[in-house]
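For reference, the structure is listed below as structure tokens.
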Amino acid sequence: MGREAREMMSNPKIYAMLATLTTLVYDYSITLGQEVDLVWSRPFTFGTGLFFVTRYLPFIDLPITVSAYSSFNEDITAEECLRRIRTATVLQMVGICVAQLILVLRTIAIWERKLTVIVSLAVLYWLAVSCSVYVVVLFLKTLRFQKWPFQPCTTSHVDKIIFVDFVIILLMETVVVGLTGLKALKHTWWKSSSWIIHLYKRGFIYFLLIFMASVVNLLLLLLAPDNYKLIFTDAQRVLHSILCNRVILMILAQKEKVVQPLAVRSNEDTHWRFARPTSMIETALDLDIFTSPAETPNNSRTKLTSDLGGKRDSSLRTLQCVTP
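Numbered by the working numbering, the letters in the sequence shown go through residues 29 to 352 in order.
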């Protein structure tokens with residue numbers, strides 16, 4: 029290995045980025061089949077748009093970051109480094125905001141679109157995004173790079189104000205986990221189907237991983253040298269994308285298994301419930317996300333009511349609550 033390569037690989041950011049990129053590509057390779065089967069065959073909606081943004085945006089912003097920190101081009105200037113990192117940071121912020129929006133919509137759906145939950149989470153999300161945008165703008169204005177031999181992009185100054193962004197993410201995740209936990213206790217109390225319990229368990233594990241990533245970033249920003257402060261930001265951004273998409277794919281996979289069989293079931297299950305009327309707010313929030321026109325909640329209710337005499341399985345009731 030030449031001197032240039034050795035000097036470049038001495039930058040710790042490169043190892044973190046390569047590990048993150050490898051994780052992203054690996055996860056994509058093992059979940060692409062599910063995506064093709066469960067998402068590509070459906071009409072394009074607002075929900076599928078959110079899914080594709082959080083799914084594919086990392087394949088744009090992460091290579092931009094890699095191109096800045098691992099470039100062998102000695103002619104790259106500190107100004108060019110700053111432009112690339114600013115572009116990647118903005119895209120990362122968009123990706124995290126979209127992932128948070130999906131999780132907020134999931135929480136609203138789990139709470140059966142109650143008005144108080146809708147208003148509370150909508151206000152909280154708007155405040156979080158507004159504060160995040162303001163903090164990121166201030167951070168990017170103060171971010172500085174210096175040119176070292178064979179290390180084109182070396183951070184020379186990182187404003188600790190960016191830690192506010194990670195605090196905001198922690199607060200949002202805490203609220204979402206808290207609301208999900210309250211609903212999980214209720215579902216567990218009423219002995220919901222095993223897949224619902226599995227969904228909550230997976231959800232808590234995912235939230236815990238993202239929470240831990242936020243804590244790591246906070247500690248690095250407050251305690252680490254400038255060249256190490258941003259070493260884990262790409263990993264947290266990719267974690268948001270991977271884990272959020274896995275939750276969506278798991279819900280869609282269960283929907284494929286449950287909706288059709290329940291349409292022809294008899295009264296073998298004693299836990300039937302009457303369908304709840306769909307309000308205007310519920311209809312507006314549903315937006316046919318991940319559902320074809322023939323599989324909308326209203327059509328599903330009509331079909332099952334006709335086939336089953338106005339009764340329905342509790343597992344389908346719960347499934348429609350957590351499927352946008």
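For each residue, glycine too, the CB sits at the ideal point set by N, CA and C.
Environment of residue i [buried if 16+ CB atoms lie within 10 Å]
i      : result
Trp68  : exposed
Phe87  : exposed
Arg83  : buried
Ile146 : buried
Thr202 : exposed
Val243 : exposed
Val94  : buried
Phe72  : exposed
Leu267 : buried
Ser269 : buried
Ile58  : exposed
Met240 : exposed
Leu131 : buried
Ala212 : buried
Asp193 : buried
Gly231 : buried
Lys283 : buried
Asp254 : exposed
Ala127 : buried
Val53  : exposed
Leu133 : buried
Lys229 : exposed
Lys41  : buried
Arg123 : One detail in the question is off: residue 123 reads as Gly in this sequence, not Arg. Buried: at least 16 other Cβ atoms inside 10 Å.
Val165 : exposed
Thr261 : buried
Thr144 : exposed
Of the listed residues the options, nearest to residue i (C-alpha basis)
i      : options                           : result
Ile197 : Leu166, Gly231 and Ser160         : Ser160
Thr105 : Val192, Cys181 and Gln282         : Cys181
Met200 : Val53, Leu236, Tyr54 and Leu251   : Leu236
Ile189 : Leu227, Ile113 and Tyr162         : Tyr162
Arg172 : Arg111, Val157 and Leu271         : Arg111
Phe167 : Leu131, Glu140 and Thr115         : Thr115
Leu246 : Ile42, Val186, Ile276 and Val122  : Val186
Leu258 : Leu85, Leu60, Gly75 and Ile113    : Ile113
Gly206 : Thr170, Val192, Ala44 and Ile138  : Ile138
Ala263 : His226, Ser148 and Ile238         : Ile238
Tyr234 : Val204, Lys41 and Cys109          : Val204
Tyr56  : Arg274, Lys41 and Ile279          : Arg274
Leu251 : Leu227, Phe191, Arg141 and Glu140 : Phe191
Leu85  : Arg230, Met121 and Ser98          : Met121
Thr170 : Glu107, Leu149 and Ile279         : Glu107
Leu152 : Ile136, Leu249 and Ile92          : Ile136
Leu119 : Glu284, Val81 and Arg141          : Val81
Tyr97  : Arg230, Leu46, Ala127 and Leu249  : Leu46
Ile225 : Gln128, Asp89, Leu249 and Met278  : Met278
Lys285 : Thr50, Asp65, Tyr54 and Phe260    : Asp65
Tyr43  : Arg265, Tyr256 and Leu271         : Tyr256
Leu60  : Phe79, Trp154, Gly75 and Thr48    : Phe79
Val195 : Leu249, Thr76 and Pro91           : Leu249
Thr51  : Ala281, Arg265 and Thr76          : Arg265
Thr48  : Gly209, Asp89, Leu155 and Cys272  : Asp89
Thr117 : Glu140, Leu129 and Pro91          : Pro91
Lys214 : Gln62, Leu129, Cys109 and Glu140  : Glu140
### Query
Whole beta strand (DSSP E) runs in the segment 52-124 with 3 or more residues, listed along the chain?
With a minimum length of 3 residues, no continuous beta strand (DSSP E) run stays inside the segment 52-124.
### Task
Please go through the segment 222-264 and give each complete alpha helix (DSSP H) segment of 4 or more residues, from N-terminal end onward.
Qualifying alpha helix (DSSP H) stretches, in chain order: 222-251.
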